[in-house]
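There are 2 protein chains.
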Amino acid sequence: MAIFSIHRIHDTFLFRYSLNGYPYMAHHGDWFGGKAVGMAVLNIGSLTANVYVTHLHAEYCRDKDSYLPHRVVQAWELQQFIRHTSAGADMVILGGDLNMHPQDLGNRLLRSYTGLQDAYLETAKFDGCEDGMTLIADNPFINKKELCPFEKGIRIDYILFKGSTKTDIYCDYMSTTKGSVPNHPFPYSDHEALTAGLRLETHTRTETRSDRQPKIKDSAAGKLAALVDIVTEARTEVKVGLHCAERMRYTATRTGVMGLALLVLELAIAAGPEQPFPRTSFYLLAALCFAILLTTFLLYIFYTMELKALQGAEDQMRLAVGSLQEKLRGFPLAQPHNARGGPQRVMSPVHWPRRNKRGAHCGQSGLCERSL
Amino acid sequence: MAIFSIHRIHDTFLFRYSLNGYPYMAHHGDWFGGKAVGMAVLNIGSLTANVYVTHLHAEYCRDKDSYLPHRVVQAWELQQFIRHTSAGADMVILGGDLNMHPQDLGNRLLRSYTGLQDAYLETAKFDGCEDGMTLIADNPFINKKELCPFEKGIRIDYILFKGSTKTDIYCDYMSTTKGSVPNHPFPYSDHEALTAGLRLETHTRTETRSDRQPKIKDSAAGKLAALVDIVTEARTEVKVGLHCAERMRYTATRTGVMGLALLVLELAIAAGPEQPFPRTSFYLLAALCFAILLTTFLLYIFYTMELKALQGAEDQMRLAVGSLQEKLRGFPLAQPHNARGGPQRVMSPVHWPRRNKRGAHCGQSGLCERSL
Numbered sequence: 001m002a003i004f005s006i007h008r009i010h011d012t013f014l015f016r017y018s019l020n021g022y023p024y025m026a027h028h029g030d031w032f033g034g035k036a037v038g039m040a041v042l043n044i045g046s047l048t049a050n051v052y053v054t055h056l057h058a059e060y061c062r063d064k065d066s067y068l069p070h071r072v073v074q075a076w077e078l079q080q081f082i083r084h085t086s087a088g089a090d091m092v093i094l095g096g097d098l099n100m101h102p103q104d105l106g107n108r109l110l111r112s113y114t115g116l117q118d119a120y121l122e123t124a125k126f127d128g129c130e131d132g133m134t135l136i137a138d139n140p141f142i143n144k145k146e147l148c149p150f151e152k153g154i155r156i157d158y159i160l161f162k163g164s165t166k167t168d169i170y171c172d173y174m175s176t177t178k179g180s181v182p183n184h185p186f187p188y189s190d191h192e193a194l195t196a197g198l199r200l201e202t203h204t205r206t207e208t209r210s211d212r213q214p215k216i217k218d219s220a221a222g223k224l225a226a227l228v229d230i231v232t233e234a235r236t237e238v239k240v241g242l243h244c245a246e247r248m249r250y251t252a253t254r255t256g257v258m259g260l261a262l263l264v265l266e267l268a269i270a271a272g273p274e275q276p277f278p279r280t281s282f283y284l285l286a287a288l289c290f291a292i293l294l295t296t297f298l299l300y301i302f303y304t305m306e307l308k309a310l311q312g313a314e315d316q317m318r319l320a321v322g323s324l325q326e327k328l329r330g331f332p333l334a335q336p337h338n339a340r341g342g343p344q345r346v347m348s349p350v351h352w353p354r355r356n357k358r359g360a361h362c363g364q365s366g367l368c369e370r371s372l
Numbered sequence: 001m002a003i004f005s006i007h008r009i010h011d012t013f014l015f016r017y018s019l020n021g022y023p024y025m026a027h028h029g030d031w032f033g034g035k036a037v038g039m040a041v042l043n044i045g046s047l048t049a050n051v052y053v054t055h056l057h058a059e060y061c062r063d064k065d066s067y068l069p070h071r072v073v074q075a076w077e078l079q080q081f082i083r084h085t086s087a088g089a090d091m092v093i094l095g096g097d098l099n100m101h102p103q104d105l106g107n108r109l110l111r112s113y114t115g116l117q118d119a120y121l122e123t124a125k126f127d128g129c130e131d132g133m134t135l136i137a138d139n140p141f142i143n144k145k146e147l148c149p150f151e152k153g154i155r156i157d158y159i160l161f162k163g164s165t166k167t168d169i170y171c172d173y174m175s176t177t178k179g180s181v182p183n184h185p186f187p188y189s190d191h192e193a194l195t196a197g198l199r200l201e202t203h204t205r206t207e208t209r210s211d212r213q214p215k216i217k218d219s220a221a222g223k224l225a226a227l228v229d230i231v232t233e234a235r236t237e238v239k240v241g242l243h244c245a246e247r248m249r250y251t252a253t254r255t256g257v258m259g260l261a262l263l264v265l266e267l268a269i270a271a272g273p274e275q276p277f278p279r280t281s282f283y284l285l286a287a288l289c290f291a292i293l294l295t296t297f298l299l300y301i302f303y304t305m306e307l308k309a310l311q312g313a314e315d316q317m318r319l320a321v322g323s324l325q326e327k328l329r330g331f332p333l334a335q336p337h338n339a340r341g342g343p344q345r346v347m348s349p350v351h352w353p354r355r356n357k358r359g360a361h362c363g364q365s366g367l368c369e370r371s372l
């Protein structure tokens, strides 16, 4: 990951994702890559721009994506990082290989929570691959089978942006490279590169017209309800990951115990008066037992770390859902717009599902069917 | 680490430090503890409070503190995390076991960069151990030898705070526990607990009196210059860490190569027509070689990760020093205050040391001798 800038970089910060695949999946290499999100703070005139760059865990098999919980936690941490570090920024730009299709859970989570807009969807002009695809079938560096069932290619690299109360930001044009380097038979990389031209407009926001308020509130409530849905979906995915990690840790523990039992048994037999083993087999078996014990010990530690990270993310999501639901309760019920000026029916707390302190599931359906 | 609050926690975020000791130092246990800084966002009335909690790597030997570079990088990441996530906060509170004395490098780095104030130094009333000590010699859970040469104890736990342009924050009282639990022969923990009463005052800052401006600028320039000094000191410490990590990785590589050479030699001899080894020794030696190869491979990966994290922090510090120096150039020279109203001599860029693009060392002495 790199950020090059003609504006001076004043400050930087790097956040390493807590989860990023498995070290023993060495042929996938993601764990060794050490995925993170980097931030650079630029001053453009009197404005502050926070520019982020990231790369999330790859998807190797869409049907049976064992890395999905990790990627969802990465998307969760990415949105947290951007939200919490961009409060003082006048504009936010994120570029990166998100390894997620436009409507994938992590992508929806990121965009809904941060309010970032997709440059491809917002651009006035576009010049590039069909449907903005960045991983295309024609690329000689990729395995076409991995694209299946998307024969032509997929869009997994993004430029996202948002302004602030001081700044509006528009995408005037966007382009992607289209395969080979001019006059060469090969492309620059396995992905197509993205370029976006963004235009800034500063303003003083004085347009809080009171007649627009109810509509704004309705739409905000709708967005909040949708966000509750998305976070709940992410929570479910993380729970699946938790279940898998628990099972893996259990398997590692059981294998370790079996290795230990084998070692004890061997030593007990060897301590007896008769030696039924040839010495070679004895040493080989002992070495095998030690290897099993060491490997399962390392795996146990790794899975414990994975479990703690997943559990932490799940806890944070539970708390976030609770907080979002409380915010939602503060909004008036969606109502016909001709009721303007009349007394507003404020949702009474008793209408809302109770006992949602621990689980968002119970609250979710009730909330979202009403508000959307 | 835990945050308990009577105000609802609306949002959370956790940052794991990139460096935290070594897994093979299992008797110290810090690596297994997984140190981090946690943040909780509370709404207190109409105000937003960011509350942070952290625990840095312990210091086991002050004279020969091999963990110092790790702790300095943790302090660096802590200040980055607080600065970048607190832009929207009306008040910031940090509590934690920093494992640093009040004037230690990491502590100065944290307080200078964030502007956080030490509750012990700011409190109107104090009731507790002498000098605010939190790790006292009387505690039965600690090893008194580790305190040496501070026989009575040390102050390594802190409550730090700061307000904002909207809020002033004052510490009305502070206390520590003083050894044993009332009516019991043992204390609550190996550290004394801290309590602080903080008072908030909100205001609209309209007091930008123009006659105070020059003095404020001088003091800000002095603080900036001091900060440049501190970051440079931290950079030096990180460089020492880099040197150590490089040496360790080199040792691991060399040992691994020797293990491989031994294995190849053994196999070459075994492939010959005569068998000089008893079979048992052959297998034992081969097992030893494999153990060496595996261990050095794991160590190589670990030290590479350590190197990358240290190098990353060093790069960030270099960039920060450059940015701080540029800011400093924008300030007028310190001048006699009776020159008020006269034309201000603005520091010309040619007065400043050049060629400091990569090194802060050359810039530092020039800057700080002038401004302090």
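Quick mapping for you: the protein sequence lines, in order, are chains A and B. One point on numbering: in the UniProt record's numbering, the residue at position 289 of the first sequence is 289, and numbering is uninterrupted. One point on numbering: in the UniProt record's numbering, the residue at position 241 of the second sequence is 241, and numbering is uninterrupted. We put the CB at the ideal spot given by N, CA and C, even for glycine. Just so it is clear, the structure is predicted and the values come from calculations on it, not from any experiment.
Can you find a CB in chain A that lies within less than 8 Å of the CB of residue i?
i	result
residue 57/B	no
residue 27/B	no
residue 111/B	no
residue 84/B	yes
residue 9/B	yes
residue 128/B	no
residue 323/B	yes
residue 88/B	yes
residue 280/B	yes
residue 319/B	yes
Name the chain A residues that come within less than 7 Å of residue i, Cβ to Cβ?
i	result
residue 14/B	312
residue 80/B	13
residue 316/B	12
residue 18/B	16
Is the Cβ of residue i closer than 8 Å to any Cβ of chain B?
i	result
residue 245/A	no
residue 6/A	no
residue 208/A	Residue placement at residue 208/A is flagged as unreliable, the pLDDT there being 48, under the threshold of 50; a coordinate-derived value is accordingly withheld.
In chain B, which residues lie with their C-beta within 9 Å of the C-beta of residue i?
i	result
residue 93/A	Chain B residues near residue 93/A: none, gap ~16 Å exceeds 9 Å.
Buried or exposed: which applies to residue i, given that a residue is buried once 16 or more other Cβ atoms fall within 10 Å of its Cβ?
i	result
residue 258/B	exposed
residue 114/A	buried
residue 316/A	buried
residue 68/A	buried
residue 247/A	exposed
residue 55/B	buried
residue 249/A	buried
residue 95/B	buried
residue 84/B	buried
residue 139/A	buried
Along chain B, which residues have their Cβ under 7 Å away from the Cβ of residue i?
i	result
residue 284/A	283
From the DSSP output, in three-state form, read off residue i for me.
i	result
residue 107/A	helix
residue 275/B	coil
residue 15/A	strand
residue 244/B	helix
residue 160/A	strand
residue 37/B	strand
residue 286/A	helix
residue 49/A	strand
residue 201/B	strand
residue 23/A	coil
residue 173/A	strand
residue 330/A	coil
When the distance is taken between beta carbons, is residue j closer than 8 Å to residue i?
i	j	result
residue 58/A	residue 106/A	no
residue 39/B	residue 31/B	no
residue 98/B	residue 22/B	no
residue 162/B	residue 116/B	yes
residue 20/B	residue 29/B	no
residue 173/B	residue 123/B	yes
residue 326/A	residue 239/A	no
Give the interface partners of residue i over in chain A, defined as CB-CB distance under 9 Å, in chain order.
i	result
residue 287/B	283, 284, 286, 287, 290, 291
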